[in-house]
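Basically the numbering used here = 1-based index in the sequence shown + 369.
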Amino acid sequence: MRKRILGVLLTVALTGTMLLGCGGETTSEEQTSSEAVLNLDGGNPETLDCVIGTSGNSVGVIREVMEGLGRFVKEDGKDVVEPAGAESWESSEDGLTWTFHLRDHEWSDGEPVTANDYVYAFQRMFSPDVASSGTQFFLSVQNAQEIINGEKQPEELGVTAQDDKTLVFALTKPVPYFEMLIGSTVAFPQRQDIVEKYGDEYGTDKDKIVYNGPFVVEEWIPGSKVVLAKNDTYWDKDSVKLDKVQLHHIEDETSAMTMLKNGELDAYSASAQWEEEILGTGDFDLQEAEFPAGMRDIFNVDTPLLKSPKVRLALTLAKDREEINDTLYDGYYETAYGWIMPAITCQGLNFRDAAGDPLKEAAEQYTDLEALYKEGLEEGGLNPDETQTLTVLMGDSSAESQTAGELYKNQIESKLPINIELEYCTDNTDFVQRRSEGNFEMTFLHMNGAEYDDPSVFLNMYLTGASSNEGHYSNAQYDELIMKAENSTDAQERLDLFIQAEKILLVDDPAISPTVYWNQNFFVSKKVKNLTSPAWVPLGFEYKYAEVE
């Protein structure tokens with residue numbers, strides 16, 4: 370049986386995420402027979418501020434109550450970006466200028482959405498006071514890197530309003546996947562007057578924000594649930610068939626399955642353990658969808674024990690991915706011997722097919738892991754004859770998390786002369802904060818999903834100084850390869866450069882240790898129609914077009 374450990378162990382960044390569920394029941398006061406109400410998990414967002422709310426908990430709500438220039442939808446089984454806040458756009462012949470033409474639409478307080486709302490949001494994203502992880506996706510915008518380096522001001526970013534309805538991006542190089550970037554939540558607009566009115570409290574309460582998406586937040590009880598109601602000021606409100614969406618905060622899989630069977634929940638992540646029982650009711654279908662996501666451990670290279678790449682490689686190779694997959698997930702996922710997921714392409718060229726499995730090749734080369742580990746200790750100025758201690762940060766202290774931690778501890782200590790101490794966070798918010806502050810030595814089982822289809826979505830995360838680079842990794846050769854790839858438009862050249870960079874990231878100078886490639890299957894009530902799960906957004910559903918019979 371696959372154990373449902375993901376919900377308690379993992380948080381999902383912009384480059385990736387799952388919507389973490391939590392518990393609650395639908396009451397007669399909340400739902401009437403005349404209303405079309407969809408019940409899902411994901412009711413515990415940290416914030417609705419799209420510039421900083423990049424965990425799965427937040428993104429799952431933000432993308433339904435806010436809307437950017439484009440929106441990810443399924444079309445013939447494939448993910449595409451359809452016009453949303455912008456009714457059309459075009460790029461210049463050289464690919465360096467993108468012009469978006471906004472449609473007439475309003476914020477929930479009746480004010481028009483303007484191009485300046487996008488300009489403000491992008492400038493705020495690049496503000497050093499905000500330090501949004503979204504900047505990594507828009508380094509190709511003129512002056513972006515100079516702003517990050519402190520050489521220029523956010524107001525000099527190459528995002529400008531030609532007029533109220535015309536938004537222009539000036540790029541330093543062509544970006545083959547730029548259309549996909551505009552569908553990400555960090556590219557959504559923000560009202561300057563509202564942000565400045567509430568300051569640090571912006572987006573922390575349903576009344577401390579304005580909305581421009583298909584839904585608005587009607588009720589938000591932190592740690593319990595979020596209730597969304599149809600937005601009557603939304604430009605495409607006639608396409609929205611739901612009256613409400615109730616997002617519950619579900620603590621564990623057993624509670625979720627009980628809610629499914631009782632009709633209190635309409636969809637939830639599927640697992641092998643429950644397939645026979647849930648599908649056996651005849652009330653649910655198994656919905657499968659492509660989802661490029663992966664789980665990995667993060668090394669904090671500032672940790673004295675982890676200074677040497679050889680120590681990090683020994684820890685990477687000592688981990689038994691097959692056992693972790695079988696024990697924690699019943700072999701439900703695909704074990705990862707590379708970082709870039711099998712679904713990712715480089716302008717149509719499949720990355721994983723070309724790159725192979727670098728960690729399998731490394732395992733064949735380094736057969737004496739204890740010797741490799743001790744060489745690394747010496748290189749790092751530590752005594753190889755002394756038993757060192759490594760503290761591994763876990764997502765929380767639940768029984769499932771403890772099971773996962775003990776499995777990893779036993780694996781490593783059985784192969785290397787090292788003492789593994791497990792440190793448990795109080796909750797997901799604590800886990801996110803500890804990582805963002807770099808307050809850890811190593812984390813175990815952290816997941817990322819993709820915002821767009823290109824290897825750069827996962828490789829740019831580890832550029833020197835990137836806000837998503839939580840382990841403070843820095844490798845000049847790696848940076849050079851990534852920047853060369855980002856400045857090329859030739860698919861094969863970019864692919865070759867990315868392959869070289871991944872090998873550095875995993876083998877030559879490890880920053881992370883991949884574990885499994887994830888997938889997304891859902892139990893979905895047969896009463897629900899058109900509930901899709903786009904691949905290029907954090908795990909969860911798109912319910913703008915969903916219906917409940």
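Backbone N, C-alpha and C define an ideal beta-carbon position, used for all residues, glycine too.
Owing to the predicted nature of the structure, the values given are computational and were not obtained by experimental measurement.
message = So, with DSSP's three-state summary, where would you put glutamate 790?
response = In the sequence shown, counting from the first residue as 1, residue 790 sits at position 421. Glutamate 790: strand per DSSP, three-state reduction.
query = Mapping DSSP to helix, strand and coil, what is serine 638?
reply = Along the sequence shown, one-based indexing puts residue 638 at 269. For serine 638, the three-state secondary structure derived from DSSP is strand.
Range covered by the alpha helix (DSSP H) that runs through threonine 772 = Start at 1 with the first residue of the sequence shown, and residue 772 comes out as number 403. From DSSP, the alpha helix (DSSP H) with threonine 772 extends over 768-784.
key: Under 9 Å between C-beta atoms of serine 477 and asparagine 408   = Here residue 477 refers to the residue found at position 108 of the sequence shown. Here residue 408 refers to the residue found at position 39 of the sequence shown. Not in contact: serine 477 and asparagine 408 (Cβ atoms no closer than 9 Å).
task = Could you check which residue in Ala705, Val537, Gly429 and Met626 has the C-alpha nearest to that of valine 893?
result = The sequence position of residue 893 within the sequence shown is 524, counting from 1. It is Met626 whose Cα lies nearest to the Cα of valine 893.
task = With distances taken Cα to Cα, identify the nearest neighbour of histidine 617 among Asn719, Val609, Asp635 and Thr704.
result = Within the sequence shown, the letter at position 248 stands for residue 617. Checking every option, the nearest Cα to that of histidine 617 belongs to Asp635.
Bridge partners - leucine 762, DSSP secondary structure assignment = Here residue 762 is taken as the residue at index 393 of the sequence shown, counted from 1. Leucine 762 is bridged by DSSP to Glu792 and Thr812.
ask   = Do leucine 315 and alanine 731 have their C-beta atoms within less than 9 Å of each other?
value = What the structure shows of the chain is the stretch from 370 to 918, and residue 315 is not part of that stretch, so it cannot be assessed.
inquiry  = Using only the alpha-carbon positions, how far apart do tyrosine 886 and isoleucine 713 sit?
reply    = To locate residue 886, count along the sequence shown from 1; it is residue 517. To locate residue 713, count along the sequence shown from 1; it is residue 344. So the alpha carbons of these two residues sit roughly 11 Å apart.
Sheet register partners of serine 894 (DSSP bridge) = Position 525 of the sequence shown, counting from 1, holds the residue named residue 894. Assignment of beta-bridge partners to serine 894 by DSSP yields Phe653.
inquiry  = Please report the distance separating the alpha-carbon of lysine 895 from that of alanine 639.
reply    = For this step, residue 895 is matched to residue 526 along the sequence shown. For this step, residue 639 is matched to residue 270 along the sequence shown. Straight-line measurement puts the Cα of alanine 639 at about 15 Å from the Cα of lysine 895.
query = Exposed or buried, which one is alanine 819 when buried takes at least 16 other CB atoms within 10 Å?
reply = In the sequence shown, the residue the question calls residue 819 occupies position 450. With 16 or more Cβ atoms within 10 Å of its Cβ, alanine 819 is classed as buried.
request  = Count the other C-beta atoms from every protein chain shown that fall within 10 angstroms of the C-beta of glycine 479, then say buried if there are 16 or more, exposed otherwise.
outcome  = Within the sequence shown, the letter at position 110 stands for residue 479. With fewer than 16 other Cβ atoms within 10 Å, it is exposed.
request  = Check aspartate 562 in the structure and name its three-state DSSP category.
outcome  = Locating residue 562 in the sequence shown gives position 193, counting from the first residue. If DSSP states are grouped into helix, strand and coil, aspartate 562 belongs with the helices.
task = Assign isoleucine 517 to one of three DSSP states: helix, strand, or coil.
result = Start at 1 with the first residue of the sequence shown, and residue 517 comes out as number 148. Isoleucine 517 falls in the helix class under three-state DSSP.
query = When the Cα of methionine 830 is compared with those of Tyr571, Gly503, Leu536 and Ile693, which residue comes out closest?
reply = Sequence index remark: in the sequence shown, residue 830 carries index 461 (1-based). A check of alpha carbon separations from methionine 830 across Tyr571, Gly503, Leu536 and Ile693 identifies Gly503 as the nearest.
query = Going along the chain, which residues of its own chain have a beta-carbon closer than 6 Å to the beta-carbon of threonine 901, five neighbours each way excluded?
reply = As a working note, residue 901 is residue 532 in the sequence shown. Taken in chain order, the residues that qualify are Lys443 and Glu911.
task = Please work out which residues of its chain come closer than 8 Å, Cβ to Cβ, to proline 678, disregarding the five sequence neighbours upstream and downstream, and give them in chain order.
result = Residue 678 sits at position 309 when you count from the first residue of the sequence shown. Counting only residues of its own chain and dropping the five nearest sequence neighbours on each side, proline 678 has a CB closer than 8 Å to the CB of Gly745, Asp877, Asp878 and Pro879.
request  = Kindly list the residues whose CB is nearer than 6 Å to the CB of aspartate 473, restricted to its own chain and excluding five residues on each side of it in sequence; keep chain order.
outcome  = Locating residue 473 in the sequence shown gives position 104, counting from the first residue. Within the same chain, aspartate 473 has no close Cβ partners at all.
ask   = Per DSSP, what kind of secondary structure is glycine 568 in: helix, strand or coil?
value = Translated into positions along the sequence shown, residue 568 becomes position 199. Looking at glycine 568 - three-state DSSP - the assignment turns out to be helix.
ask   = Roughly how many angstroms separate the alpha carbons of glycine 393 and alanine 724, rounded to a whole number?
value = In the sequence shown, counting from the first residue as 1, residue 393 sits at position 24. In the sequence shown, counting from the first residue as 1, residue 724 sits at position 355. Any reading at glycine 393 is ruled out, since the residue's pLDDT is 38, under 50, leaving its predicted position unreliable.
query = Tell me the DSSP bridge mates of threonine 901?
reply = Numbered from 1 along the sequence shown, position 532 holds the residue referred to as residue 901. According to DSSP, threonine 901 shares a beta bridge with Glu911.
query = Does DSSP put asparagine 413 in a helix, a strand or coil?
reply = Start at 1 with the first residue of the sequence shown, and residue 413 comes out as number 44. Reduced to three states, the DSSP call for asparagine 413 is coil.
inquiry  = Just to confirm the assignment: which complete alpha helix (DSSP H) runs, minimum length 4, are found wholly within the segment 567-633?
reply    = Uninterrupted alpha helix (DSSP H) stretches at least 4 residues long and entirely within the segment 567-633 occur at 622-630, given in chain order.
ask   = So, isoleucine 787 versus threonine 758, is the Cβ gap smaller than 9 Å?
value = Your numbering for residue 787 matches position 418 in the sequence shown. Your numbering for residue 758 matches position 389 in the sequence shown. Yes, the Cβ-Cβ distance between isoleucine 787 and threonine 758 is below 9 Å.
task = Determine the contact status of asparagine 817 and alanine 705, defining contact as a CB-CB distance below 9 Å.
result = Working through the sequence shown from its first residue, we reach residue 817 at position 448. Working through the sequence shown from its first residue, we reach residue 705 at position 336. The beta carbons of asparagine 817 and alanine 705 sit no closer together than 9 Å.
Bridge partners - glycine 439, DSSP secondary structure assignment = For the purposes of this step, residue 439 is taken as residue 70 along the sequence shown, with counting starting at 1. Answer by DSSP bridge pairing, in chain order: Pro452.
ask   = Nearest-angstrom Cα distance between valine 808 and aspartate 865?
value = Translated into the one-based positions of the sequence shown, residue 808 becomes position 439. Translated into the one-based positions of the sequence shown, residue 865 becomes position 496. Going by the sequence as given, residue 808 is asparagine instead of valine. One C-alpha to the other measures close to 34 Å.
inquiry  = Restricting to runs no shorter than 4 residues, where is the alpha helix (DSSP H) found entirely within the segment 695-736?
reply    = Within the segment 695-736, the complete alpha helix (DSSP H) runs of at least 4 residues are 720-724 and 727-734.
inquiry  = For alanine 904, count the other beta carbons within 10 Å of its own beta carbon; 16 or more makes it buried, fewer makes it exposed. Which is it?
reply    = Residue numbering aside, residue 904 sits at position 535 when the sequence shown is read from its first letter. Buried is the call here.
query = Under a three-way DSSP split, which group does asparagine 844 fall into?
reply = Here residue 844 refers to the residue found at position 475 of the sequence shown. In the structure shown, asparagine 844 sits in coil (DSSP, three-state: anything other than H, G, I, E or B).
key: tyrosine 914 versus valine 897: straight-line alpha-carbon distance, rounded   = The residue labelled residue 914 in the question sits at position 545 within the sequence shown. The residue labelled residue 897 in the question sits at position 528 within the sequence shown. Those two C-alpha atoms are separated by around 11 Å.
Backbone CA spacing between threonine 647 and lysine 575 [nearest angstrom] = Residue numbering aside, residue 647 sits at position 278 when the sequence shown is read from its first letter. Residue numbering aside, residue 575 sits at position 206 when the sequence shown is read from its first letter. According to the sequence displayed, residue 647 carries isoleucine and not threonine. Rounded to whole angstroms, isoleucine 647 and lysine 575 show a C-alpha spacing of 34 Å.
task = Measuring alpha carbon to alpha carbon, tell me which of Asn426, Asn719, Asn752 and Phe441 ends up nearest serine 593.
result = The sequence position of residue 593 within the sequence shown is 224, counting from 1. Of the residues Asn426, Asn719, Asn752 and Phe441, the one whose Cα lies closest to the Cα of serine 593 is Asn426.
query = For the segment 652-666 against the segment 421-438, are there 3 or more C-beta pairs whose distance is under 8 Å?
reply = Segments in contact, no.
ask   = Using the C-alpha atoms, what's the distance from valine 564 back to threonine 483?
value = Position 114 of the sequence shown, counting from 1, holds the residue named residue 483. Position 195 of the sequence shown, counting from 1, holds the residue named residue 564. Looking at the two C-alpha atoms, the distance is approximately 15 Å.
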